[in-house]
Each structure stands twice: as C-alpha cells, then as structure tokens.
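The opening residue of the sequence shown carries number 18 in our numbering; numbering runs sequentially from there. We put the beta carbon where it would ideally sit given N, CA and C, even for glycine. Keep in mind it's a predicted model, so treat the numbers as computed, not measured. Notes to accompany the following structure.
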Amino acid sequence: TYLLDQIGEKLGITNDLKVCFPNDYKKIESLAYFMILENTNAISRFGRFANTHRHPYGQDIPSQRSSELFQSITEEAKMKFFRLQGRRRIEKEYWAYDSTSISSYSEELKQVKYGKNKDGDSLPQINLALLFGEKSGLPFYYRKLAGNIPDVKTVTELIRELDILGYKKVKLVMDRGYYSADNINGLYKQHYKFLVGANTTLSYAKAYIKELGDDIRNYENYSDQYKVYYASKTIAWDYTQDRPYKGDTITADRRMYLHIYYNPEMAVEDDQKRTAYYVRLENELRSGKHKPEHEKDYAKYFTVHETPVRGKKIVPNNEAMSKARRLYGYFVLISNEVKDPVEALQLYRTRDVVEKAFGNLKERLNCRRTLVSSDASLEGKLFVTFVSLIYLSYIKDRMQKNELFSKYTLQGLLDELDVIECFTEPGKTPIQGEVLKKQEDLYTAMDVAPLYAKPSVETPGI
Numbered sequence: 018t019y020l021l022d023q024i025g026e027k028l029g030i031t032n033d034l035k036v037c038f039p040n041d042y043k044k045i046e047s048l049a050y051f052m053i054l055e056n057t058n059a060i061s062r063f064g065r066f067a068n069t070h071r072h073p074y075g076q077d078i079p080s081q082r083s084s085e086l087f088q089s090i091t092e093e094a095k096m097k098f099f100r101l102q103g104r105r106r107i108e109k110e111y112w113a114y115d116s117t118s119i120s121s122y123s124e125e126l127k128q129v130k131y132g133k134n135k136d137g138d139s140l141p142q143i144n145l146a147l148l149f150g151e152k153s154g155l156p157f158y159y160r161k162l163a164g165n166i167p168d169v170k171t172v173t174e175l176i177r178e179l180d181i182l183g184y185k186k187v188k189l190v191m192d193r194g195y196y197s198a199d200n201i202n203g204l205y206k207q208h209y210k211f212l213v214g215a216n217t218t219l220s221y222a223k224a225y226i227k228e229l230g231d232d233i234r235n236y237e238n239y240s241d242q243y244k245v246y247y248a249s250k251t252i253a254w255d256y257t258q259d260r261p262y263k264g265d266t267i268t269a270d271r272r273m274y275l276h277i278y279y280n281p282e283m284a285v286e287d288d289q290k291r292t293a294y295y296v297r298l299e300n301e302l303r304s305g306k307h308k309p310e311h312e313k314d315y316a317k318y319f320t321v322h323e324t325p326v327r328g329k330k331i332v333p334n335n336e337a338m339s340k341a342r343r344l345y346g347y348f349v350l351i352s353n354e355v356k357d358p359v360e361a362l363q364l365y366r367t368r369d370v371v372e373k374a375f376g377n378l379k380e381r382l383n384c385r386r387t388l389v390s391s392d393a394s395l396e397g398k399l400f401v402t403f404v405s406l407i408y409l410s411y412i413k414d415r416m417q418k419n420e421l422f423s424k425y426t427l428q429g430l431l432d433e434l435d436v437i438e439c440f441t442e443p444g445k446t447p448i449q450g451e452v453l454k455k456q457e458d459l460y461t462a463m464d465v466a467p468l469y470a471k472p473s474v475e476t477p478g479i
C-alpha cells in the first residue's frame with residue numbers, strides 16, 4: 018500500500034479527492050486499494066484487509082458503511098474531480114474515447130437496458146464510456162449510459178459535457194463506431210481536433226481507393242513498423258450547422274486529411290470472412306430460414322429463381338461480390354489536424370489503452386456485473402472503481418515502459434510488494450520490515466522512491 022500511497026500523491030489523486038470529498042476521501046482511497054489488491058473478494062471482506070494492511074482510513078469499513086459512502090457521492094463532486102484530474106493531463110495530448118457494456122441482473126436500475134452487448138451476454142446492461150490520455154496512459158473521465166444507446170449517439174453528449182467541464186483544447190481519438198456526419202460537424206463546430214476511423218464504403222473513401230489502385234502497394238508507401246501500405250490526401254468536408262435561433266443552416270468547406278491503409282494479411286482474412294458470410298446467406302436462402310437483418314444482402318448478392326419443374330435455383334451476383342472484394346484489406350482514418358498517415362496510425366493505435374482499461378475494469382476490479390440494487394449505489398461504486406482504475410493504469414503503463422511483463426504479471430508485482438511487513442506497538446513508532454533489492458528495483462521502475470526509512474504515518478496497521 019506504500020506504492021499506492023505514493024502513486025496517489027504523484028498523480029494528485031489524494032489531493033483532488035480531499036478537495037472534492039473532504040470528509041470521505043480516505044475511505045474512498047482505502048476502498049480503491051481493496052479493489053486493487055483483493056480483486057477476487059467482495060467488499061464485505063474489507064475487514065480482513067483492514068486488519069492486515071496499512072491504508073489511508075486505517076479502520077474497518079463495514080458493508081453498510083460502504084453502501085452509505087457510495088450513495089453519498091454526488092454528481093457535482095464527481096464532475097469537480099474530473100475537472101481537477103483533467104487539468105493535470107497534458108493539454109497537447111489526444112484523448113482516446115471508447116465504451117464497454119456491463120451486464121446486470123438488477124431490474125431496479127433505470128439505465129439497465131437491452132442493447133448490443135460487447136461481451137456477448139444476453140443480459141440487460143449499462144454502458145460505460147471512458148476518456149484516456151494518449152501520452153499519460155491514464156483515465157480522467159467516464160460516463161454511465163443507458164444500455165440501449167449505440168456508440169454513435171454518445172458523441173454529442175460527450176462534446177456538451179467537455180464544454181461544461183471547461184476543456185477547450187480537446188483532441189479526440191475514436192473508432193469508426195463513433196463516425197457520423199453529425200458527430201464530425203459537432204467536432205468542427207467546437208473547434209475540437211479529432212482522429213476518427215471511417216468506413217471504406219463512404220463515397221470519398223471509395224473514390225480515393227479507386228484513384229490509388231495498385232499504386233498504394235508501391236514500396237515507398239510501406240510501413241515496416243505497422244506492416245501496412247498507406248497514402249493520404251487533403252479533402253474538403255461538407256460542413257453544415259443548423260442555427261435554430263436564426264432559422265437557417267450554415268454550409269462551408271472544412272479541411273480534412275484522409276488516410277488510406279492497406280494490410281495484405283487483413284485482405285486475406287476479409288476474403289475468408291466474407292466468403293463464409295456468403296455461404297451462410299446461401300444456406301439461409303435454400304432452407305427458407307431467412308433472417309430479417311440479412312434481407313438486403315440476400316437481394317444484393319444473390320438472385321433466386323424458382324420454377325415448379327426445376328425448383329429453387331440460387332445464382333450469386335458476381336459483380337456485387339467483386340465490388341466488395343476491391344475494399345478487402347483497406348481501412349480509413351480521417352483527421353482535421355494530423356497530416357502524416359504513419360503518425361495518424363500511431364495515434365489511433367493508442368486506443369489500445371482503453372481496451373486494456375476495460376479488461377482491468379471487468380477482471381481486476383470485478384466490474385463484469387453490477388452487484389448493486391440502487392442507482393445511487395451504482396453511481397458511487399462506479400466512481401470508486403474508476404479511482405482504482407487510475408492507479409492500475411499507472412502501474413501497467415510503468416510495467417510496459419520498463420518491460421516488466423517479461424518477469425511479472427500485474428498480480429505478481431503486487432504480491433512481491435505485498436509481503437513487506439510493518440510492525441506496530443501501541444505508543445511506539447512503527448517498525449519497517451526488510452526490503453529486498455528486487456523490491457527496491459520495482460519501486461524505482463514505478464518512479465516511486467524505494468521504501469528505505471521507517472514510515473511515519475498516522476494510521477495503525479499490522
């Protein structure tokens with residue numbers, strides 16, 4: 018827990034929590050520590066953790082008290098914390114935005130709805146959206162969404178809330194699930210910088226792919242780092258902005274950089290997946306077991322002839338299939354700032370930090386299911402879980418940069434430090450146990466001063 022104490026000071030977590038939750042910040046920190054170090058245990062087991070670990074609050078937090086704490090966390094205090102943490106991030110960095118689904122058994126939570134579940138669960142869910150710093154590798158903002166809201170619908174509200182939080186120099190990285198003309202117009206309107214994935218079937222993307230032809234596969238267009246061919250050009254975005262208060266619509270051209278990439282391995286995979294899909298469509302047509310969501314593709318890729326004598330004959334539309342094949346292996350990025358296609362791809366790949374964070378949330382922090390029965394408890398528990406995620410993200414980022422994953426798992430590193438003991442006796446200064454060289458090296462790798470001296474803290478422990 019000394020490691021977590023130092024990270025909290027370094028990242029300003031402790032200070033920001035103290036400002037936003039002056040009466041409860043130590044409880045929040047202690048519960049966050051518990052979620053990190055006892056990730057397989059329910060919060061009802063906190064008492065055992067409190068008896069064997071030094072932690073900020075220094076006392077047991079029974080289940081009833083933790084539930085009361087969760088319910089006391091207000092929206093105003095959360096937004097203040099986001100604002101303070103956001104100001105600590107580098108303004109020039111891009112922010113990766115993505116969402117995940119968290120399933121729930123509860124029928125009492127207002128935002129639990131059936132939607133597209135990203136884990137394949139058949140349960141109703143809530144959605145959780147996260148903002149991560151591309152350089153810092155740290156989260157600083159999240160939003161809880163109703164489970165039936167698709168990704169593309171969340172960007173408008175994100176833009177509104179970032180404006181409320183006072184963020185002006187915003188740079189967002191998003192995948193193509195967030196692409197829509199309305200979202201791009203909204204980002205231009207707020208003068209936000211963006212890098213967004215787009216679909217190869219968009220008219221301007223198809224036109225450029227056709228224009229490039231085989232030339233995109235020239236050697237000078239190859240990136241050995243990413244194993245892709247690339248090309249880019251400047252295009253004009255047809256910007257529109259409705260002005261209800263004036264009853265008119267502004268139209269103008271906005272500069273945009275279009276980046277096209279071709280991955281030969283992905284082309285082979287696309288071909289295999291698409292062929293399997295055509296086989297599936299044909300089998301459904303032959304069996305008569307049509308699926309409503311496939312009706313357009315039945316008509317697009319097959320022609321069905323049926324006569325009393327010859328029966329049903331299904332003929333593939335080779336021209337339509339050939340047109341689809343021309344886009345295999347390609348993917349598209351658009352930006353209003355990043356001109357260089359390799360730099361754009363490097364930035365886009367930083368979205369991996371969000372994917373890893375969702376893994377931490379669901380596996381390390383036991384957040385695959387919402388185990389609460391009220392909206393107030395859910396809001397509070399999500400916030401404490403988010404605080405835990407900041408610590409975990411920092412540790413994983415430092416492990417990655419120092420190549421520690423070749424020697425340790427995340428749990429292994431935490432276990433290595435969890436065995437350091439501290440002995441206490443009433444009325445006497447706590448006595449620090451031995452710290453081995455390899456443990457000192459881990460503190461150094463975490464950019465934390467090794468634990469040499471006897472600690473002087475207010476709270477008792479064992």
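Beta-carbon spacing of residue i, residue j below 9 angstroms
{"i": "L182", "j": "Y209", "result": "no"}
{"i": "Y256", "j": "Y246", "result": "no"}
{"i": "S410", "j": "I53", "result": "no"}
{"i": "H529", "j": "K313", "result": "Outside the shown range of the chain (18 to 479) lies residue 529, about which nothing can therefore be said."}
{"i": "I351", "j": "I201", "result": "yes"}
{"i": "V9", "j": "W112", "result": "A question about residue 9 goes unanswered here, because the residues of the chain that appear run from 18 up to 479."}
{"i": "L434", "j": "Q449", "result": "no"}
{"i": "F211", "j": "V190", "result": "yes"}
{"i": "V465", "j": "Q23", "result": "yes"}
{"i": "F554", "j": "D41", "result": "Residue 554 lies beyond the stretch modelled for the chain, which goes from 18 to 479, so this question has no answer here."}
{"i": "L427", "j": "K413", "result": "yes"}
{"i": "T251", "j": "L275", "result": "yes"}
{"i": "L155", "j": "T117", "result": "no"}
{"i": "K161", "j": "L399", "result": "yes"}
Identity of the residue in the options nearest residue i by Cα
{"i": "K35", "options": "K95, R65 and I78", "result": "K95"}
{"i": "A293", "options": "L175, L48, M338 and S116", "result": "M338"}
{"i": "L229", "options": "L212, A248, G214 and A215", "result": "A248"}
{"i": "R105", "options": "P39, N32, A59 and I233", "result": "N32"}
{"i": "T69", "options": "N335, E92, V436 and A59", "result": "V436"}
{"i": "D259", "options": "S61, R343, Y221 and D199", "result": "D199"}
{"i": "T320", "options": "M191, P309 and R303", "result": "R303"}
{"i": "R82", "options": "S116, E93, S47 and P309", "result": "S47"}
{"i": "Y98", "options": "V401, I226 and K185", "result": "Here residue 98 is Phe; the residue named in the question, Tyr, does not match the sequence. Of the candidates V401, I226 and K185, the one whose C-alpha sits nearest the C-alpha of F98 is V401."}
{"i": "I233", "options": "Y243, N280 and D265", "result": "N280"}
{"i": "Y365", "options": "A215, Y236 and A316", "result": "A215"}
{"i": "K340", "options": "L468, Q242, Y318 and D231", "result": "Y318"}
{"i": "D147", "options": "I407, K418, E438 and F440", "result": "Contrary to the premise, residue 147 reads as Leu rather than Asp in this sequence. Nearest of I407, K418, E438 and F440 to L147, Cα basis: I407."}
{"i": "K418", "options": "A462, L431, G444 and K445", "result": "A462"}
{"i": "S153", "options": "E92, E85 and R415", "result": "R415"}
{"i": "G429", "options": "L28, K27 and E55", "result": "E55"}
{"i": "T18", "options": "D432, E442, R193 and S197", "result": "D432"}
Buried versus exposed, by CB contacts within 10 Å (16 or more), residue i
{"i": "A49", "result": "buried"}
{"i": "I277", "result": "buried"}
{"i": "S80", "result": "exposed"}
{"i": "L459", "result": "buried"}
{"i": "E125", "result": "Residue placement at E125 cannot be trusted, given a pLDDT of 48 that sits under 50; what the coordinates show is reported in the next sentence. Label assigned to E125: exposed."}
{"i": "A222", "result": "buried"}
{"i": "Q102", "result": "buried"}
{"i": "P333", "result": "exposed"}
{"i": "P358", "result": "buried"}
{"i": "V296", "result": "exposed"}
{"i": "L344", "result": "buried"}
{"i": "C37", "result": "buried"}
{"i": "Y122", "result": "Confidence is the limiting factor: at Y122 the pLDDT is only 42, short of 50, which leaves the residue's position unreliable and the question unanswerable from this model."}
{"i": "P261", "result": "exposed"}
{"i": "V172", "result": "buried"}
{"i": "E115", "result": "Sequence inspection shows Asp at residue 115; the Glu mentioned does not correspond to that position. Counting Cβ neighbours within 10 Å, D115 comes out buried, since at least 16 surround it."}
Start-to-end residues for the beta strand (DSSP E) that takes in residue i
{"i": "Y247", "result": "V245 to R260"}
{"i": "M4", "result": "In the structure as shown, the chain starts at 18 and stops at 479, and residue 4 therefore has no counterpart that could be examined."}
{"i": "L562", "result": "Examination of residue 562 is not possible in this model, given that the chain is present from 18 through 479 alone."}
Host alpha helix (DSSP H) of residue i (start-end)
{"i": "K210", "result": "Note, K210: premise wrong, no alpha helix (DSSP H); beta strand (DSSP E) at K210 to A215."}
{"i": "K44", "result": "Y42 to L54"}
{"i": "L101", "result": "E92 to R104"}
{"i": "T57", "result": "First-last for T57: undefined, no H or E at that position."}
{"i": "I30", "result": "I30 to C37"}
{"i": "V465", "result": "Note, V465: premise wrong, no alpha helix (DSSP H); not H, not E."}
{"i": "G154", "result": "Per DSSP, G154 belongs to no alpha helix (DSSP H) and is neither H nor E."}
{"i": "I24", "result": "Y19 to K27"}
{"i": "G203", "result": "A198 to K206"}
{"i": "E228", "result": "S220 to L229"}
{"i": "G450", "result": "Segment: none, G450 is in no alpha helix (DSSP H) and carries neither H nor E."}
Cutoff 9 angstroms: residue i Cβ touching any chain B Cβ
{"i": "K170", "result": "Among the chains in the structure shown there is no chain B, since it carries only a single protein chain."}
Please give the ranges of any alpha helix (DSSP H) in the segment 410-448, keeping only runs that are unbroken, at least 4 residues long and fully inside the region. 427-435
To test your reading of the DSSP string, which unbroken beta strand (DSSP E) runs of 3 or more residues are found completely within the segment 344-370? 347-352
4-residue-minimum alpha helix (DSSP H) runs that sit fully inside the segment 289-337, ordered along the chain: 312-318
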